[in-house]
Amino acid sequence: MLPVARLGDKHICPSCGPNMIVEGGKATVDGRPVARVGDKTACGAVIVKGSSMGTDDGRPIAYLGSTTSHGGTIVEGSPTATTMP
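First residue of the sequence shown: 1, per full-length UniProt numbering; consecutive thereafter.
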């Protein structure tokens with residue numbers, strides 16, 4: 001189980017450097033929308049890897065370690081909620 005990624009969590013992009021997740025779903029964790037496959041980061045990268053078990057609005061939930069279209073990785077997540085990779 002890995003921490004759920006949320007709106008505002010950090011993403012490290014090899015092209016653009018550190019930036020935040022700027023889109024999220026309807027479900028919330030710790031008062032913030034969960035990040036999902038298809039949501040964007042501040043540099044325009046799109047989350048491409050999500051949970052095999054957890055979804056929000058039919059889209060896999062992102063987690064600590066999920067990757068993005070620029071080859072980046074989500075490096076921050078919820079301290080209270082986890083999901084299966």
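We put the CB at the ideal spot given by N, CA and C, even for glycine.
Bear in mind that the values here come from a model prediction, so they are computed numbers and not experimental data.
- Here residue 56 is buried: its Cβ has 16 or more other Cβ atoms, across all protein chains shown, within 10 Å.
- Nearest to residue 77 by alpha-carbon distance, out of 69, 68, 70 and 64, is 64.
- Residue pairing for residue 17: DSSP places it in a beta bridge opposite 13.
- Per the coordinates, the alpha-carbon of residue 31 lies some 21 angstroms from the alpha-carbon of residue 38.
- Selection 41, 43 and 66 evaluated against residue 52 yields 66 as nearest (Cα-Cα).
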